Amino acid sequence: MALDSPDSLMTLTIEYCLRNLEGTLCYLLDETLRLHPDIFLPSEICDKLVNTYMELVHTDQNFELHQGFFLLFSDPRSSRLTRVQLREDTVQDQDLEAIGSQDLIELHLTNCEKLTSKSLETLGRFRHTLVSLSLFGCSNLFYEEENPGGYENDDRLVNPSRQLPVTDFTFQGFSRLRMLNLGRLTEEVDVETLLRPLSSLTSLDLSGIKLCKATFLTQWKDRLSSLVLYNMDLSEEHIQTVTQLIQLRHLDISRDRVLSYYKFKLTRKVLSIIVQSLVNLVSLDISGHVMLENCAVPQIEEAVGRPSSWGCLTPHCATRRTFQPTSALSRPPVSLGLQVTGAKNEDQILNAIETYTEYRPEIASRAINHLFDIARIQHCSQLLRALQLVIAALRCHKYDKSIQVTGSAALFYLTNSEYRAEQSVKLRRQVIQVVLNGMESYQEVTVQRNCCLTLCNFTIPDELEFQYQRVNELLLSILNQSRQDDSIQRIAVHLCNALVCQVDNDHKEAVGKMGFVTTMLKLIQKRLVDKTCDQVMEYSWSALWNITDETPDNCDMFLNYSGMKLFLECLKEFPDKQELHRNMLGLLGNVAEVRCLRPQLLTPQFITVFSNLLDSKADGIEVSYNACGVLSHIMFDGPQAWTMEEPLREQVMDRMWAAIQSWDVTSKRNINYRSFEPILRLLPQELAPVSQHWATWALYNLISVY
C-alpha cells in the first residue's frame with residue numbers, strides 16, 4: 001500500500017495565505033490589496049508565493065485571480081523576489097512592471113503572449129542582476145505599434161496601428177546573464193544584433209528561430225556549454241559553426257519529424273564529425289532526423305575528411321554520454337548512454353515525457369501515447385513517475401488538444417484497479433484535479449469521454465468529495481449541452497447517480513439547487529420523445545431516486561417540473577421495463593415520505609396506478625414493494641385526508657394487505673437504506689394498520705436477510 005507524503009508546512013502555509021490574502025498577509029485599502037506594514041518577506045517566501053500563485057491560477061478553477069497581486073512585491077524594502085516563473089496570458093505588462101524594482105536573478109516567461117514591447121523596458125531594469133532569462137513563446141514582446149490607436153476622420157479609422165518589430169533593444173548591460181532562452185522568437189528580430197552584447201553566455205536556446213547565419217555564435221566558443229537549435233532549418237554552415245564551440249556539453253539539433261520543409265540531411269558521417277569535434281559533449285539530441293547512409297556527401301565531410309575511428313558511431317566515452325534516438329520516438333538510439341529518450345521501452349518513453357513536456361508538447365504527446373499503449377497492453381512498472389509526468393503535462397498544456405487527449409487516455413489506464421494499491425490519496429487527488437481541469441478547459445468529445453471514464457476508476461462519492469461541487473457542476477454542464485455524444489451522456493449520468501448515492505442531505509440539497517433534478521427530467525423527456533428506454537433513461541430515474549431520498553426540497557422540485565407527468569408517460573410507453581419501474585416507484589416512495597407533498601399524489605389517476613402496480617411481479621417484489629410503500633405513507637394521513645370517491649380507501653388497503661401477504665419475507669432486496677426513520681415513523685399509529693404491517697414486514701426483511 002502506498003504511503004501518503006504530506007506537503008511541507010511551507011507549502012501548506014503558502015497556499016493558505018494565497019487563498020486568504022486579506023485575512024493573512026494583506027489588508028484592503030481603496031479596493032487594493034496591500035501588505036501589512038509590519039511584514040517583511042524574504043526571497044525564500046516571496047518566490048514561493050509568486051510561483052505558487054501562478055500554479056494555482058492555471059490549475060485550480062476556483063482560485064481567485066487578484067488583479068493587483070504583483071503590486072504586493074513592488075517594494076524591495078518589504079518583499080524580495082529573486083526567482084520568478086510566469087506563464088501564459090494571465091501575465092500582462094503591468095504585472096512585470098510592478099516587480100521592476102526587484103533584483104531578479106532568474107526570470108522565466110513562458111508563452112506570455114500578452115506581454116508587449118512595453119515590457120522590454122522593465123526587462124532592462126533587471127539587467128544588472130539577471131543570470132537566467134527565458135522568453136520562450138512571448139511572441140508579441142518584440143513588436144511595437146507604429147501608430148497606437150490611429151486617428152479618426154469622418155468616423156473612419158484613417159491610419160490604423162501596425163505591428164512593427166522592435167529594432168532598438170539589445171541585451172546591452174546584461175553582464176551577468178548566463179542562460180538565455182529565446183525559443184519561438186519572431187523571425188523579424190535580428191538575433192545576432194540582439195545577442196552580441198552578451199559576454200558571459202553559457203547556455204542558449206534558439207528553438208524554432210530562423211537563423212540564416214550562425215557564425216556569431218563563435219564569440220562564446222570558449223564559454224558556451226549548452227546550445228539548443230530545435231526546429232531550426234540547419235545548413236552546413238550551422239554545423240561548421242557548432243563544431244567550433246568546443247566547450248559544449250549539451251547540444252540539441254533535433255526537429256519535429258512532422259514538419260517537412262527541412263533541407264538539411266544528417267548523415268552518420270556528419271554526426272561523427274560533430275561528436276569528434278565536441279570532445280566535452282555529454283548529451284546530444286538529434287531526434288527527428290532520419291539517419292542517411294547512402295546520400296550525397298556534404299561539403300563539411302569533404303573539408304574535414306573521413307573520420308578515422310568512428311565507423312557506426314562508438315563514442316570513446318559512452319558511459320558518460322547520453323545520446324537521444326535518431327528519430328523522435330521511432331528509431332533506436334545511436335548509442336547506449338546514461339539516459340535515452342525514445343519509444344523502445346518504458347524508460348525511454350518516460351525520459352521523453354520528462355524532457356520535452358514544457359517546450360515541446362508535440363513530442364511529449366507522442367511519448368504519452370506510447371505510455372498509453374504500455375499501460376493498456378503491457379504493465380507500467382514505474383507507475384508513480386508515469387503518473388507524475390502525465391499530471392505535469394496536463395497541467396502545463398491544458399489547452400493543447402493533443403496533450404489533453406493522450407494524457408487523459410493514459411490516466412484512465414494508469415488509475416485502474418490493477419495499479420490502485422500503488423497510489424496514495426494525495427496522488428489520486430492530483431489526478432482528479434487535472435481531469436476536472438481538462439473537462440473545464442477543453443470542450444472536446446474525446447477529452448470529455450476520457451475524463452469521465454477516468455473518474456469511474458475512483459470510489460464514488462468518497463474520493464471525489466473534496467471536489468464535490470465542482471465535479472457535479474461539470475457533469476451537469478456536459479448533460480445540458482444541446483448536442484452530446486451518447487456514450488459521454490451515459491457515463492456522465494452514471495457518475496451523477498453515484499455522486500448523490502450515500503451522501504448526506506446537505507450535499508443533495510446543494511446539488512439539487514445546481515439544477516440536478518431539472519437536468520435529469522430533461523434527459524427523460526428527450527428519451528420519451530425518441531421512444532427510447534436506454535441506460536440514460538434508467539440512470540436518470542435512479543439518480544432522481546437517490547437525490548430525493550429524505551430531501552423534501554428536491555422532491556418538491558420533481559413535482560413542480562412535471563415529474564409525475566413523465567412518470568405516467570414512461571409507464572405507458574415502456575410497460576415491460578422492470579428496472580425502470582423499480583426506479584420510478586422508489587423515487588415516488590421518497591416523495592410520499594414528505595407529508596406536505598402527499599396531497600399532490602392523492603388523485604384518482606395516481607392512486608389507481610399505484611394500486612395496479614401492487615400486483616406487479618417486475619424485478620421480484622421491488623415494484624410491488626415500492627408501490628405499497630407509497631400507499632402506506634398516504635394511508636398514514638388517515639381517512640380524513642382521503643377526499644376522493646374512487647377508488648375507495650378500504651379497497652386500496654385490501655389490495656395492499658393481499659400484496660404484502662404474497663411476498664416472500666426471505667427475499668433478497670435490490671435496495672439501500674441510509675436510515676430506517678421513514679419506516680419507523682409508520683409504526684406508532686392506529687389510523688392505518690396496513691401501513692404498520694408494511695413497515696414491520698420491511699424491517700423484518702431487512703434485518704433478517706441483511
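Its first residue numbered 1, the sequence shown is counted upward by one per residue in the UniProt record's numbering.
Built from N, CA and C at the ideal position, the CB exists for glycine as well.
Predicted model only: the values in this text are computed from it and were never measured.
Name the residue from the options whose alpha carbon lies nearest to the alpha carbon of residue i.
| i | options | result |
| --- | --- | --- |
| S667 | Q651, S624, R649 | S624 |
| R125 | N546, Q172, T167, K265 | Q172 |
| K213 | E236, L227, S207 | E236 |
| A82 | Q92, S199, L133 | Just to set this straight, residue 82 is Thr in the shown sequence, not Ala. Comparing Cα positions, the closest option is L133. |
| T143 | H128, E121, L180, S117 | Note on identity: in this sequence residue 143 is Tyr, with Thr being the wrong assignment. Checked all of H128, E121, L180, S117; the closest Cα to Y143 is S117. |
| Y16 | E187, T52, Q92 | T52 |
| T170 | W657, V191, R429, S562 | V191 |
| L41 | D400, F73, G137, N546 | F73 |
| T193 | R184, M179, C496, V166 | V166 |
| H36 | G586, D75, S43 | D75 |
| L18 | S5, L271, L56, L29 | L56 |
| L12 | L49, L28, D637 | L49 |
| L180 | E145, P197, D168 | P197 |
| A688 | A659, L702, R649, I703 | R649 |
| F70 | R376, D95, E573 | D95 |
| Q502 | Y673, P599, V290 | Y673 |
| T243 | F264, T215, T122, W663 | T215 |
| S616 | I607, T608, A627, I39 | A627 |
| I45 | D30, E538, L248, M10 | M10 |
If you measure between the beta carbons of residue i and residue j, is that distance less than 8 Å?
| i | j | result |
| --- | --- | --- |
| I99 | L130 | no |
| L436 | N472 | no |
| N457 | N505 | no |
| V690 | M635 | yes |
| L566 | L521 | yes |
| L234 | I253 | yes |
| C380 | L411 | no |
| E113 | S78 | no |
| I353 | A364 | yes |
| G515 | L544 | no |
| W642 | M584 | no |
| A592 | V630 | yes |
| S402 | E444 | no |
| N590 | T548 | yes |
| D553 | E509 | yes |
| A659 | L614 | yes |
| L275 | L281 | For clarity, residue 275 is Val in the given sequence; the question names Leu instead. Yes, Cβ-Cβ distance for V275 and L281 is below 8 Å. |
| I239 | V270 | yes |
| P54 | Q85 | Correcting the residue type first, residue 54 is Met in the shown sequence and not Pro. Yes, the Cβ-Cβ distance between M54 and Q85 is below 8 Å. |
| V529 | L568 | no |
| T241 | L217 | yes |
| S5 | S424 | yes |
| residue 709 | I621 | What the structure shows of the chain is the stretch from 1 to 706, and residue 709 is not part of that stretch, so it cannot be assessed. |
Pull up the CB-CB distance for residue i and residue j, whole angstroms please, since I reckon it's below 8 Å.
| i | j | result |
| --- | --- | --- |
| L135 | L182 | 6 Å |
| L33 | H58 | Contact flag wrong, Cβ pair sits at about 20 Å. |
| K491 | L464 | Here residue 491 turns out to be Ile, not Lys, going by the sequence shown. The pair is not a contact, with the Cβ atoms about 14 Å apart (cut-off 8 Å). |
| I671 | A695 | Wrong, their Cβ atoms sit about 15 Å apart, outside the cutoff. |
| P647 | S611 | 6 Å |
| E358 | C396 | 6 Å |
| L387 | L427 | 6 Å |
| E550 | S675 | 7 Å |
| L229 | L206 | 6 Å |
| Y468 | H507 | 6 Å |
| N560 | N497 | Rounded, the Cβ-Cβ distance is 21 Å, inconsistent with contact. |
| R80 | S43 | 4 Å |
| R255 | Y262 | 6 Å |
| I391 | V434 | 5 Å |
| M564 | V517 | Wrong, their Cβ atoms sit about 13 Å apart, outside the cutoff. |
| E422 | L384 | 7 Å |
| Q692 | L682 | 6 Å |
| D93 | S119 | 5 Å |
To test your reading of the DSSP string, which unbroken alpha helix (DSSP H) runs of 4 or more residues are found completely within the stretch 566-608?
578-592
Is the stretch 403-411 in contact with the stretch 365-381, if contact means three or more CB pairs nearer than 8 Å?
yes
Okay, do the stretch 221-232 and the stretch 195-204 touch, 3+ Cβ pairs below 8 Å being the bar?
yes
Could you tell me which uninterrupted beta strand (DSSP E) segments, each at least 3 residues in length, are contained entirely in the stretch 14-102, listed from first to last along the chain?
26-29, 32-35, 83-87
Going along the chain, which unbroken runs of the alpha helix (DSSP H) with 4 or more residues stay wholly within the stretch 469-551?
486-499, 505-513, 516-529, 535-547
Taking only runs that begin and end inside the stretch 215-244, name each unbroken alpha helix (DSSP H) of 4 or more residues, in chain order.
236-242
Any alpha helix (DSSP H) of 4 or more consecutive residues that is wholly inside the stretch 631-688
Qualifying alpha helix (DSSP H) stretches, in chain order: 649-662, 677-680.
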